[in-house]
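Protein chains in written order, with our numbering: chain A, 768 to 881; chain B, 175 to 286.
First comes the structure, then the notes that go with it.
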Amino acid sequence: DSGVTQTPKHLITATGQRVTLRCSPRSGDLSVYWYQQSLDQGLQFLIQYYNGEERAKGNILERFSAQQFPDLHSELNLSSLELGDSALYFCASSVGDRVNSPLHFGNGTRLTVT
Amino acid sequence: AQSVTQPDIHITVSEGASLELRCNYSYGATPYLFWYVQSPGQGLQLLLKYFSGDTLVQGIKGFEAEFKRSQSSFNLRKPSVHWSDAAEYFCAVGVGTYKYIFGTGTRLKVLA
């Protein structure tokens, strides 16, 4: 058990809808990362927050947004969903905000857009 | 350009055989190096990491990896594979200040 909690585990929704994925980091970790994993794209970095502030942005679509709250949990909001958004979405946390802090991953949220 | 290459998409080994998974990276400086394992339905679990010092690092579950600067490689090894090692393995590098780059993964199948 990594200590990172993601909810829900599965989400099935229709095109055009909006969903929110939630992540609680390991106790003591200040950084939260969001990744998208799909068969054709592999593991793609979306965005990183550190202690409530955005630190780095990756290949995140404008339809997607995220935030980290004062209690350090994070939410990833996906809107105007398309079939191609179907994927496994992972949250990871680390103690620091730099690459010398290993990432600890949650078990992911599997999103299916129909 | 910064990149991570795992040349083998699939590898099949017999239980008890040795294992080596390859990882090559492209980066102008020495990166932080990681290996992760992903079992079905699970998130990625850190196996080991290399930051500096001894180029042979030991990890969990009997895995080790060797950093070779001249070859820009960080190959993962295990002397004797167990059926429970069947999973997908990801090499990752930390470059710059904030950026992690993951390889596309190698799926390991273990024959009984």
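The beta carbon of each residue, even a glycine, is placed where N, CA and C say it ideally should be.
| Check | Outcome |
| --- | --- |
| Residue from B:Ala261, B:Val284, B:Tyr274, B:Ser254 with nearest C-alpha to Ser192 of chain B | B:Ser254 |
| Chain-ordered neighbours of Ser805 of chain A on chain B, where CB pairs are closer than 8 Å | The contacting residues do not exist; Ser805 of chain A stays about 11 Å from chain B at best. |
| Closest by C-alpha distance to Asp768 of chain A, when choosing among A:Thr879, A:Thr881, A:Gly873 | A:Gly873 |
| Minimum Cβ-Cβ distance from Ala833 of chain A to chain B less than 7 Å | no |
| Limits of the beta strand (DSSP E) - the one that Trp801 of chain A falls within | 798-805 |
| Backbone CA spacing between Arg822 of chain A and Gln815 of chain A [nearest angstrom] | 5 Å |
| Candidates A:Pro869, A:Pro837, A:Thr879, A:Tyr856: closest to Gln773 of chain A by CA position | A:Tyr856 |
| Arg830 of chain A (DSSP reduced to helix, strand or coil) | coil |
| Interface residues of chain B facing Val880 of chain A [CB-CB closer than 7 Å] | The premise fails here: Val880 of chain A is roughly 20 Å from chain B at the closest Cβ pair, so nothing lies under 7 Å. |
| Amino acids of chain A, ordered along the chain, whose beta-carbon sits closer than 9 Å to that of Gly294 of chain B | Given a span of 175 to 286 for chain B in the structure shown, any question on residue 294 of chain B remains unanswerable. |
| N-terminal and C-terminal residue of the beta strand (DSSP E) that Gly809 of chain A is part of | 809-817 |
| Residues that His871 of chain A bridges to, as DSSP identifies them | A:Ser860 |
| Selection of the stretch 844-864 of chain A by Cβ proximity to chain B, strictly under 7 Å | Phe857, Asp864 |
| Own chain, CB closer than 7 Å to Pro181 of chain B, minus 5 neighbours either side, in chain order | Arg196 |
| Helix, strand or coil at Ile234 of chain B [DSSP, three-state] | helix |
| Residues in the stretch 252-286 of chain B having any Cβ partner in chain A nearer than 9 Å | Phe264, Ala266, Val267, Gly268, Val269, Gly270, Thr271, Tyr272, Lys273, Tyr274, Ile275, Phe276, Gly277, Thr278, Gly279 |
| Meets three-Cβ-pair contact criterion under 8 Å: the stretch 774-788 of chain A and the stretch 235-250 of chain B | no |
| Interface flag, Gly217 of chain B vs chain A, CB-CB below 7 Å | yes |
| Any C-beta of chain B under 7 Å from that of Phe836 of chain A | no |
| Three-state secondary structure (DSSP) of Leu855 of chain A | strand |
| Same chain only: Cβ atoms within 7 Å of Ala261 of chain B, ignoring 5 sequence neighbours per side | Val211, Gln212, Ser213, Leu282 |
| Sequence-distant residues of the same chain with beta carbon closer than 7 Å to Ile779 of chain A, five excluded per side | Thr879, Thr881 |
| Residues that DSSP places opposite Cys790 of chain A in a beta bridge | A:Gln773, A:Ser841 |
| Exposed unless 16 or more other CB atoms sit within 10 angstroms - verdict on Gln803 of chain A | buried |
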